[in-house]
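**Student:** Be aware that the sequence shown starts at 232, since it is given in my numbering, and climbs by one per residue.
Cβ coordinates follow ideal geometry from the N, Cα and C atoms, glycine included.
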Amino acid sequence: MSEAYRWEKLSSEEVDRNKFWAHWRDTFRTPRGRTGPYDYTVHHDAVNVVGRLDDGRFVMIREYRYLFDRMTLSVAQGGMEPGEDPSACAHREFQEETGYKAERMTELGVLWSAPAFSKERFFVFLAEGLSPAERLDNEEIEEVIVMSKEEVEAAMRTGEFADSHGIAAWQMAMVYLERGSTG
232 MSEAYRWEKL SSEEVDRNKF WAHWRDTFRT PRGRTGPYDY TVHHDAVNVV GRLDDGRFVM
292 IREYRYLFDR MTLSVAQGGM EPGEDPSACA HREFQEETGY KAERMTELGV LWSAPAFSKE
352 RFFVFLAEGL SPAERLDNEE IEEVIVMSKE EVEAAMRTGE FADSHGIAAW QMAMVYLERG
412 STG
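1) Could you please give me the residues that DSSP links to F251 through a beta bridge?
2) Measuring alpha carbon to alpha carbon, tell me which of P313, Y407, A235 and L357 ends up nearest A307.
3) Assign I372 to buried or exposed, taking buried as 16 or more other Cβ atoms, counted over all protein chains shown, within 10 Å of its Cβ.
4) In this structure, how does DSSP classify L284 when only helix, strand and coil are distinguished?
5) Go through the stretch 291-330 residue by residue and report every complete run of the alpha helix (DSSP H) that reaches 4 residues or more, in order.
6) For E409, count the other beta carbons within 10 Å of its own beta carbon; 16 or more makes it buried, fewer makes it exposed. Which is it?
7) Between the Cα of V281 and those of M311, I376 and R388, spot the shortest distance and give me the residue it belongs to.
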């Protein structure tokens, strides 16, 4: 990156913290001399896992989202523990949320969650070779649903599947599968 675009950090202060994220406020100066505050969150990285059964259907999660006061549909998702390997997290979260164990967990890429105000990244995986397993301890109340590709795409059109992380993961998985799993 050209230094002509780089902002200078003048100070940095942690404003708030909980077990999921920290809120930071930096003071910056732009290359044109403007100064001001920049608030952002530092969040644990996360995984989004698209689960595909051998018959071509997909394992989806329906759960309540408090901020929107409604049930939503998405793929299995979860936060990584500090220092946790993304693939290990994907295996753990997928089994916790769906009750399926994955024989193959293919990493499809890494995306930035919201680069204007968060340092969180999310790793996208495709889980295949699924077999029923014990659903690991999960505090969240979720419903596991098996759907065809067409049903998932219809849920996107109706707004039932409106989670941007889940949709990004879904699209990455569809590109991967349409290319014959060659990447």
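**Tutor:** To lay it out plainly:
1) According to DSSP, which records beta bridges pairwise, F251 is partnered with nothing at all.
2) L357
3) exposed
4) coil
5) 317-329
6) exposed
7) I376
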